[in-house]
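Scroll down for the structure; my scribbles are underneath it.
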Amino acid sequence: MYDTGMCEDIVNIDISEAVIRQMQERSAGKRPKMSYVLMDVLQMDFPDAHFQVVLDKGTLDAILTDDEEATLSKVDRMFAEVSRVLQVGGRYLCVSLAQAHVLKKAVEYFSQEGWVVRVHEVAGSGDEQQFVLPVFVYVMTKFKKIPGSAQQILEICPEEQDKPMRMESAERLVEAVRDRQHYALLCSQLSKTPCGEQLSLDLCEKVSGRPRYTLHVVDSPSVKPSRDNRFAIFIIPQGRETEWLFGTEDGRRQLAASAGFGRLVTVALHREQRYEGMASIQAELSGKVMELAPPGLPARQQVPFLSVGGDIGVRTVRHCDSSPLSGEYVVEDVKGDDACYFRRLVFLSNRNVVQSEARLLTPAPPPGQKKRRKDKKKAGPAEPPTAIDKSYLCCEHHKAMVAGLCLLGSPDPVPGSPIAVLVVGLGGGSLPLFIHDYFSQAQVAVVEIDPCMLEVATCWFGFSQGERMQVHVADGLDYVAKLAAEAPAQYDAIMFDVDSKDLTVGMSCPPPAFVEKPFLQKVKTILKPEGVFVLNLVCRDARLKESVLTVLREVFPLLYARRIDGEVNEILFCQPSPEGRCDPTELGARARVLEGALQQPGRPWDSSYVLADMLQAVTII
Numbered sequence: 001m002y003d004t005g006m007c008e009d010i011v012n013i014d015i016s017e018a019v020i021r022q023m024q025e026r027s028a029g030k031r032p033k034m035s036y037v038l039m040d041v042l043q044m045d046f047p048d049a050h051f052q053v054v055l056d057k058g059t060l061d062a063i064l065t066d067d068e069e070a071t072l073s074k075v076d077r078m079f080a081e082v083s084r085v086l087q088v089g090g091r092y093l094c095v096s097l098a099q100a101h102v103l104k105k106a107v108e109y110f111s112q113e114g115w116v117v118r119v120h121e122v123a124g125s126g127d128e129q130q131f132v133l134p135v136f137v138y139v140m141t142k143f144k145k146i147p148g149s150a151q152q153i154l155e156i157c158p159e160e161q162d163k164p165m166r167m168e169s170a171e172r173l174v175e176a177v178r179d180r181q182h183y184a185l186l187c188s189q190l191s192k193t194p195c196g197e198q199l200s201l202d203l204c205e206k207v208s209g210r211p212r213y214t215l216h217v218v219d220s221p222s223v224k225p226s227r228d229n230r231f232a233i234f235i236i237p238q239g240r241e242t243e244w245l246f247g248t249e250d251g252r253r254q255l256a257a258s259a260g261f262g263r264l265v266t267v268a269l270h271r272e273q274r275y276e277g278m279a280s281i282q283a284e285l286s287g288k289v290m291e292l293a294p295p296g297l298p299a300r301q302q303v304p305f306l307s308v309g310g311d312i313g314v315r316t317v318r319h320c321d322s323s324p325l326s327g328e329y330v331v332e333d334v335k336g337d338d339a340c341y342f343r344r345l346v347f348l349s350n351r352n353v354v355q356s357e358a359r360l361l362t363p364a365p366p367p368g369q370k371k372r373r374k375d376k377k378k379a380g381p382a383e384p385p386t387a388i389d390k391s392y393l394c395c396e397h398h399k400a401m402v403a404g405l406c407l408l409g410s411p412d413p414v415p416g417s418p419i420a421v422l423v424v425g426l427g428g429g430s431l432p433l434f435i436h437d438y439f440s441q442a443q444v445a446v447v448e449i450d451p452c453m454l455e456v457a458t459c460w461f462g463f464s465q466g467e468r469m470q471v472h473v474a475d476g477l478d479y480v481a482k483l484a485a486e487a488p489a490q491y492d493a494i495m496f497d498v499d500s501k502d503l504t505v506g507m508s509c510p511p512p513a514f515v516e517k518p519f520l521q522k523v524k525t526i527l528k529p530e531g532v533f534v535l536n537l538v539c540r541d542a543r544l545k546e547s548v549l550t551v552l553r554e555v556f557p558l559l560y561a562r563r564i565d566g567e568v569n570e571i572l573f574c575q576p577s578p579e580g581r582c583d584p585t586e587l588g589a590r591a592r593v594l595e596g597a598l599q600q601p602g603r604p605w606d607s608s609y610v611l612a613d614m615l616q617a618v619t620i621i
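The UniProt record's numbering applies: residue 1 is where the sequence shown begins, and numbers increase by one.
Here it is as structure tokens:
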């Protein structure tokens, strides 16, 4: 500072005589206005309000080595002395590695004294010095303490930003610094060795602090590295982050291997954010993602940005609301493969899971409308469709559940036969709607605990009630128990597709109470002897899953299971009598009969439905 002319009136203090003598000798004749004084920072001899700036080059870090009472007492004395010798409006600049206990102590002390506290990141792991941990400077500006005022001004200024961000509390400021430190350690690790496990992190918006991008770093050891295939960035189209290829570790691993890059960083876009296009995303991310580059990447290497079809996809939020039972949720339209659009219901408490999904119909051109001439100006982007395609089941587990109706008593099930079906869990209503529309004599009762979901299904997913479709807003547990007491053996098929609100349990569907033995016995009571109980089971806990299967076997003598490829879902078909046992080949034959009967003239049918495939892959448990 002296040699650059920034400031010449500088007093340096230290408790070491050797250091003072050495520095005096080094500056002799060169810096006449610079002085070196033997003095203890805990008891300085300077008068009050003597300095405009106090610069601490690591002294606080050296003193505050632990949380012992004697150590904290020393730090309080040091801070009190710093405060005493500083003028009002003066600044205490403290260079620190910002260990959590050090930062917390400094921030709490000076903010409670009414000072403005700002933390600057001044050197990170990407700098030429190659620090593993970033270096911070606390800038504490002294103000007169106003009695009774509880206002605190706490800010952080990350290395890559010019403007500071306001923090609402000391805890949040410490957390923000810790995030920067963890990120620096992550970048340091990634720059030296390939990562064995997939690493993930959120890049947040500067102003609000909300996540803007979610990144996953995937290394492919099988890819032989060359200059052009070391590193790439893959932008996941909006709304497709829940798909298996992008939303699971195995899917991302397959994506990285098929892309042919040694390290692939996948980037998911958040629904709460706005994005201008691929070029603006690339400009925004280029500097940050280079900090995640693999070891040995040549300097100034161009890194490709990849995507599906070269764009960032389309996501339109149609409806946002909150339910006392389900929490916050959104209804959104997204563009999928082959330019098809889908409407989705997502609970924000579990935003990586699509709760319900329906395909949207592309409107046909009006009768007599002529095709646009090729030489005319190209039309702008068409409006996304909004009508629901009720003939299409988006969820593979719903297809399997429908296929389970082949297990009903008759070896040749006919869609025109009268059947009574109970569905617990409405969601968007696509499963009960499909059964209602394709089984013309089916009487469908739906039980849904959340009245908001009935409103969502009706307003946004084309669901409607009628003579053969009734919704009962009730707790499924209570509804089944009441039926078991009043009207046993009345349903040909009972289907459970109900999610659990308790995310701490290793089973997200159904809630544990729905698979307890006393309740399952009530389910069996309201099921006809030749009927079928179909359960959508989503359980990641192996022990819990085995216990559920054990209970099911105790209640239902005949149990089939169908795993859904690429998903955690497993569809269980449970029957009250072992007499109707069929092998998978026979089930496949019955499914083909049913499939043929469902394909009536004038009724839409998706060629991807192969009910026989659904049942030929079952296992008997």
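Using N, Cα and C, we set each Cβ at its ideal position, and we do this for glycine too.
Task: Residues bridged to residue 167 (per DSSP) - done: 154
Task: C-beta atoms of residue 107 and residue 173 nearer than 7 Å - done: yes
TODO: Compute the Euclidean distance between the alpha carbons of residue 448 and residue 421, then round it to the nearest angstrom.
DONE: 14 Å
Open item on the list: Taking DSSP's pairing of strands, which residues face residue 320 in a bridge?
Closed with: 330
Task: Pick from 52, 134, 116 and 304 that is closest to residue 10, judged by C-alpha positions - done: 52
Task: As assigned by DSSP and simplified to three states, the class of residue 393 - done: coil
TODO: Could you tell me if residue 333 is buried or exposed, where buried requires 16 or more neighbouring beta carbons within 10 angstroms of its beta carbon?
DONE: buried
Task: Other residues of its chain near residue 619: CB distance less than 6 Å, five sequence neighbours each side excluded - done: 561
Open item on the list: Within a Cβ cutoff of 8 Å, which residues of the same chain sit near residue 360, ignoring the five residues on either side of it in sequence?
Closed with: 333, 340, 341, 342, 343, 384, 385, 386, 387, 388 and 389
Task: contact_flag[the segment 260-270, the segment 234-243] where n(CB pairs < 8 Å) is 3 or more - done: yes
Task: Pick from 353, 321, 277 and 195 that is closest to residue 264, judged by C-alpha positions - done: 195
- [ ] Can you grab the Cα-Cα spacing for the pair residue 156 / residue 166, in whole Å?
- [x] 7 Å
TODO: Counting only runs of 4+ residues fully inside the segment 429-478, write out the alpha helix (DSSP H) ranges in chain order.
DONE: 430-438 and 451-460
Task: Other residues of its chain near residue 351: CB distance less than 7 Å, five sequence neighbours each side excluded - done: none
TODO: Go ahead and pull the three-state DSSP assignment for residue 358.
DONE: strand
Task: Pairwise C-alpha distance: residue 170 and residue 218 - done: 35 Å
TODO: Please determine, among 1, 294, 25 and 325, the residue with the shortest C-alpha to C-alpha distance to residue 502.
DONE: 325
- [ ] Taking only the alpha-carbon atoms, compute the straight-line gap between residue 154 and residue 111 and give it to the nearest angstrom.
- [x] 8 Å
Open item on the list: Between which two residues does the beta strand (DSSP E) holding residue 584 run?
Closed with: Segment 584-598 is the alpha helix (DSSP H) holding residue 584; no beta strand (DSSP E) there.
Task: Inter-residue Cα distance where the pair is residue 5 and residue 31 - done: 11 Å
Task: Complete runs of the alpha helix (DSSP H) confined to the segment 31-96 [at least 4 residues] - done: 59-63 and 69-85
Open item on the list: Run through the DSSP bridge pairs and tell me what residue 216 is partnered with.
Closed with: 200 and 266
Task: Separation of residue 394 from residue 354, as counted between CA atoms - done: 11 Å
Task: Bridge-paired residues (DSSP) for residue 211 - done: 204
Open item on the list: Output needed for residue 312: all residues of its chain with C-beta closer than 8 Å, excluding positions within five of it in sequence on either side, in chain order.
Closed with: 235, 237, 238, 269, 275, 277, 278 and 281
TODO: May I ask you to report which of helix, strand or coil DSSP gives residue 373?
DONE: Caution is warranted here: a pLDDT of 48 is assigned to residue 373, below 50, making its placement in the model unreliable, and no coordinate value can be reported.
Task: Through-space distance from residue 468 to residue 459, alpha-carbon basis - done: 20 Å
TODO: With distances taken Cα to Cα, identify the nearest neighbour of residue 496 among 473, 483 and 523.
DONE: 523
Open item on the list: Excluding the 5 residues flanking residue 511 on each side, which residues of the same chain have their C-beta closer than 6 Å to its C-beta?
Closed with: 500
- [ ] Give me whichever residues DSSP pairs with residue 635 in a beta bridge.
- [x] A query on residue 635 cannot be resolved here, the shown segment of the chain reaching from 1 to 621 and no further.
Task: Extent of the continuous alpha helix (DSSP H) run through residue 25 - done: 17-27
- [ ] Rounded to whole angstroms, what's the CA-CA distance from residue 398 to residue 443? Just pull it up for me.
- [x] 18 Å
Task: Given residue 159 as reference, the closest of 426, 494, 184 and 144 once Cα atoms are compared - done: 184
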